[in-house]
Each structure stands twice: as C-alpha cells, then as structure tokens.
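Heads up: the sequence shown begins at -19 in our numbering, then just goes up one per residue.
Beta carbons are placed, not taken as given, at the ideal position from N, Cα and C, and that holds for glycine.
Just so you know, these numbers come straight off a predicted model, no measurement behind them.
What follows is a short report on a single structure.
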Amino acid sequence: MQNTITVFRKRILIARISTVAICRFLVAAGRGIGVVSDRKSAEVTAEDEVGAVPELTSLLAELRCITRRMRSDAEKEDETNDWKFAAMVVDRLCFCLFSVYLALLTVVFLALAASRMS
C-alpha cells in the first residue's frame, strides 16, 4: 500500500510539474520572450495570461481534466489492490481450513477402518 501511495504521489507531482511547465512555455511563447525562470512569477503570469488567451484556457482545462483523471485512476487502482489483498487473505484462510478438514477426515477414516479390522 505504501508503494501505491508513493506511485500516486509521483503521478500527481509529474502532472503538476507538466502543467506548470507547459503554461510557462506557452505564456513565454505568447509574449515572444524566453521561458520564465522564476516559478512564482511564472505561475502568476500563467494565471494572468490564461484568461487572456482562449487556447491557454482550453489547454489548462484539458490539463486539469487529465490530472483529475490520473488521480481518480490511481485511487481506483489503490482500492482494487486493497480488494485483491483482502481476497487473497480470504483465499488462504479457506485453503488452510480445507486442508485441516481433509487431514482430520483422513485420520478419522483411518482410525475407523483400523478399529473395524480388529
């Protein structure tokens, strides 16, 4: 479960970094200047420019949709893994109980057969 949480956090981080990097690039390209190096000013600039350029608005909406989708997929995968683990535990428990049951039945039948032969 810890591994799944780590993967989920990495996916979220990659999505956030990608969103900020693309917005920085598009804002810089729209102004005709180089890529902005200051992260805080780039985010503020991106938010300011997003309202002004419809392409950036739609791109940002798509990126948010992709990020939301990745989060929900990761949550569903985490829940699926939890259920798989629970099923594995129940399966092993049933296997152990069935094995004990068969062993006891074998001992009982052998004891009954030995008592009838004597």
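DSSP places Val33 outside any alpha helix (DSSP H), giving it a letter other than H or E. Each residue's CA atom was taken as its position, placing Pro34 and Ala41 some 11 Å apart. In the three-state scheme derived from DSSP, where H, G and I count as helix and E and B as strand, Ser52 is classed as helix. Here Leu36 is buried: its Cβ has 16 or more other Cβ atoms, across all protein chains shown, within 10 Å.
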